[in-house]
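Below: one structure, written as structure tokens.
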Amino acid sequence: PQWKQAVDLIPQGALQPQLASWRTIKIMLGDGFAHMYRVNVPSGQVAAILAQMENTAKELSE
6 PQWKQAVDLI PQGALQPQLA SWRTIKIMLG DGFAHMYRVN VPSGQVAAIL AQMENTAKEL
66 SE
């Protein structure tokens, strides 16, 4: 059953964004998530960090 569900989801898969800034954004996201897990960020700060990562990604995409 799980295999069929996975196969059914394949058409929904997407390629990476075709933005020149995507490589930089991908690194920034990886660093941000690694920091949250490595430093054991309190759960109350996670939303603020995610918002900051989103704003940074938007700025890099401009």
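Quick note, the sequence shown lines up with residues 6 to 67 if you use our numbering.
Don't be surprised by glycine CBs; every beta carbon is placed ideally from N, CA and C.
Bear in mind the structure is a predicted one, so any value in this text is a computation, not a measurement.
Ala19 in three-state terms, based on DSSP: coil
DSSP three-state assignment for Asn60, whether helix, strand or coil: helix
Exposure of Ile15, with buried meaning 16 or more beta-carbon neighbours within 10 Å: exposed
Assigned secondary structure, Ala25 (DSSP; H/G/I helix, E/B strand, else coil): coil
Where the alpha helix (DSSP H) containing Val12 begins and where it ends: Gln7 to Leu14
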